[in-house]
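Data first, discussion second: the structure below is written as structure tokens.
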Amino acid sequence: MRLTVSDGTELYVKVSGKGRPCLFVHGGPGAWSHSFEVLGINALEDSLQMIYVDQRGSGRSGKAPTGNYGPQRIAQDFDEIRQQLKHPTWTVLAHSFGGILATEYAYYYPKTISRMILLNGTLNLNYSAQVQIDKGLEILKPENPALFLDKTKPVIDRFMMIIQALNEKDKYHQLMYTTAEGLRKMNEEDAKRPSNYSFGQAWSNYPEYFQNFTEVSKHLKMPVLVISGQQDFSIGPDHYKSFKFPNQTTVSMPGGHVIYLEQNVAFQKEVKEFLKKTSKKG
1 MRLTVSDGTE
11 LYVKVSGKGR
21 PCLFVHGGPG
31 AWSHSFEVLG
41 INALEDSLQM
51 IYVDQRGSGR
61 SGKAPTGNYG
71 PQRIAQDFDE
81 IRQQLKHPTW
91 TVLAHSFGGI
101 LATEYAYYYP
111 KTISRMILLN
121 GTLNLNYSAQ
131 VQIDKGLEIL
141 KPENPALFLD
151 KTKPVIDRFM
161 MIIQALNEKD
171 KYHQLMYTTA
181 EGLRKMNEED
191 AKRPSNYSFG
201 QAWSNYPEYF
211 QNFTEVSKHL
221 KMPVLVISGQ
231 QDFSIGPDHY
241 KSFKFPNQTT
251 VSMPGGHVIY
261 LEQNVAFQKE
271 VKEFLKKTSK
281 KG
């Protein structure tokens, strides 16, 4: 289905499954929800009514007529979807960069979120960018690493340089995947994605995305499950240790940045145990 929010942006929304509602927040920035859905998140549909959304300027959703791709506007999108679907509260499940969006949403609309699940989620882009730089240098072993370590340059600029260098050697996937099969499946699904990159091109113009959201996390009192991959060098295998949610359950398991694909059985088990433990809370 397509829902239109208050500034006229048309959003792609798919509802599937049974149980209490759960919003899925994809990462990217500017990815889409399809590949996550079909490669493992849909395994939760026997326990949750999953609500898959392509964020504004991403995938099957429309571009923002106002050009607004800021985090507060995207949080507002999520809550307008909740209102249009007539859910008093819901669970929020976020992946990767979606961790920042979900935390922003939970900060401004805390009473609408009964519980939150962060799956390979980042709350600090600068930290995760540095993780990618360090691991990228380990993989590439360049003759002149100083270019990537020059602290006079913003970390995000050095991050883009290391990504380009890894892509040139066809090695970027080593930051994210622990299996070649996982990479193959993801590429196969993402090849179906519409060429809509408005959010992906605009997000870095918003300084708000670069704040340290671990400081925001200490204000969020809903139950939170954090699932981290021990070989996730996209956000950092130890990044979760800086999270400050007061009611946090943490699981660190073998796997890269796509735990839901590479470790689907273990992923399901942890999520469903968390749902059972917090079932009285919405």
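Note that full-length UniProt numbering gives residue 265 to position 265 of the sequence shown, counting from 1, and the numbers run on in steps of one. Backbone N, C-alpha and C define an ideal beta-carbon position, used for all residues, glycine too. Quick caveat: nothing in here was measured; it's all calculated off a predicted structure.
When we look at the beta-carbon of Ala102 and count the other beta-carbons within 10 Å, is it buried (16 or more) or exposed? For the purposes of this step, residue 102 is taken as the residue at position 102 of the sequence shown. Per the 10 Å Cβ criterion, buried.
Excluding the 5 residues preceding and the 5 following Leu166 in the sequence, name in chain order all residues of the same chain whose CB lies nearer than 6 Å to its CB. As a working mapping, residue 166 is identified with position 166 in the sequence shown. Cβ within range, chain order: Gly136 and Tyr172.
Output the distance between the C-alpha atoms of Ile259 and Thr9, rounded to the nearest integer angstrom. Looking up residue 259 in the sequence shown gives position 259. Looking up residue 9 in the sequence shown gives position 9. In a straight line, the C-alpha of Ile259 is about 31 Å away from that of Thr9.
When you compare only the Cα positions, how much space is there between Asn42 and Tyr69? Locating residue 42 in the sequence shown gives position 42, where the first residue counts as 1. Locating residue 69 in the sequence shown gives position 69, where the first residue counts as 1. Straight-line Cα distance between these residues: approximately 27 Å.
With a floor of 4 residues, list each alpha helix (DSSP H) that falls wholly inside the segment 105-189, ordered by position along the chain. Fully enclosed alpha helix (DSSP H) runs of 4 or longer: 125-140, 146-149 and 155-168.
Going by Cα to Cα distance, which pick from Gln132, Pro237, Lys18 and Arg73 is closest to Gly57? For the purposes of this step, residue 57 is taken as residue 57 along the sequence shown, with counting starting at 1. Cα-wise, what sits closest to Gly57 is Arg73.
At 3 residues or longer, what runs of the beta strand (DSSP E) sit wholly inside the segment 36-86? Complete beta strand (DSSP E) runs here, min 3: 48-54.
If you follow the beta strand (DSSP E) that Lys14 is part of, which residue opens it and which one closes it? If you number the sequence shown from 1, residue 14 lands on position 14. Counting along the chain, Lys14 sits inside the beta strand (DSSP E) bounded by residues Glu10 to Gly17.
One or two residues paired with Thr4 in a DSSP bridge: If you number the sequence shown from 1, residue 4 lands on position 4. Beta-bridge pairing links Thr4 to Glu10.
For Thr152 and Ile113, believed in contact at Cβ under 8 Å, the rounded distance: Numbered from its first residue, the sequence shown carries residue 113 at position 113. Numbered from its first residue, the sequence shown carries residue 152 at position 152. Not a contact, Cβ separation roughly 40 Å.
Can you say whether Glu262 is buried or exposed, counting buried as having 16 or more other CB atoms within 10 angstroms of its CB? Within the sequence shown, numbered from 1, the residue matching residue 262 stands at position 262. Buried, by the Cβ-count rule.
Helix, strand or coil, according to DSSP, for Ser195 in the structure here? Along the sequence shown, read from residue 1 onward, the residue named residue 195 stands at position 195. Here Ser195 sits in coil by DSSP.
Pair within 7 Å by beta-carbon distance, Leu23 and Val92: Position 23 of the sequence shown, counted from the start, is the residue given in the question as residue 23. Position 92 of the sequence shown, counted from the start, is the residue given in the question as residue 92. In this structure, Leu23 lies near Val92, with their beta-carbon atoms less than 7 Å apart.
Since Ser33 and Asp7 are thought to touch, with beta carbons under 8 Å apart, how far apart are those beta carbons, to the nearest angstrom? One-based indexing of the sequence shown puts residue 33 at position 33. One-based indexing of the sequence shown puts residue 7 at position 7. The Cβ separation is near 21 Å, so there is no contact.
For Ala106, count neighbouring C-beta atoms within 10 Å of its own C-beta (all shown protein chains included) and say buried if the count is 16 or more, exposed if not. Walking along the sequence shown from the start, residue 106 turns up at place 106. With 16 or more Cβ atoms within 10 Å of its Cβ, Ala106 is classed as buried.
What residue range is occupied by the uninterrupted alpha helix (DSSP H) comprising Leu225? Position 225 of the sequence shown, counting from 1, holds the residue named residue 225. Per DSSP, Leu225 belongs to no alpha helix (DSSP H); it is in the beta strand (DSSP E), Val224 to Gly229.
Among Met176, Thr249 and Pro207, which one has its Cα closest to the Cα of Lys272? By one-based count along the sequence shown, residue 272 stands at place 272. For Lys272, the closest of Met176, Thr249 and Pro207 by C-alpha to C-alpha distance is Thr249.
Distance check for Gln83 and Gly282, CA to CA, integer angstroms please. Locating residue 282 in the sequence shown gives position 282, counting from the first residue. Locating residue 83 in the sequence shown gives position 83, counting from the first residue. Summary for Gly282: the model assigns pLDDT 48, below 50, so the residue's position carries little reliability, and this model does not support an answer.
At the level of alpha carbons, what is the spacing between Leu119 and Asn144? Within the sequence shown, numbered from 1, the residue matching residue 119 stands at position 119. Within the sequence shown, numbered from 1, the residue matching residue 144 stands at position 144. Roughly 35 Å separates the two Cα atoms.
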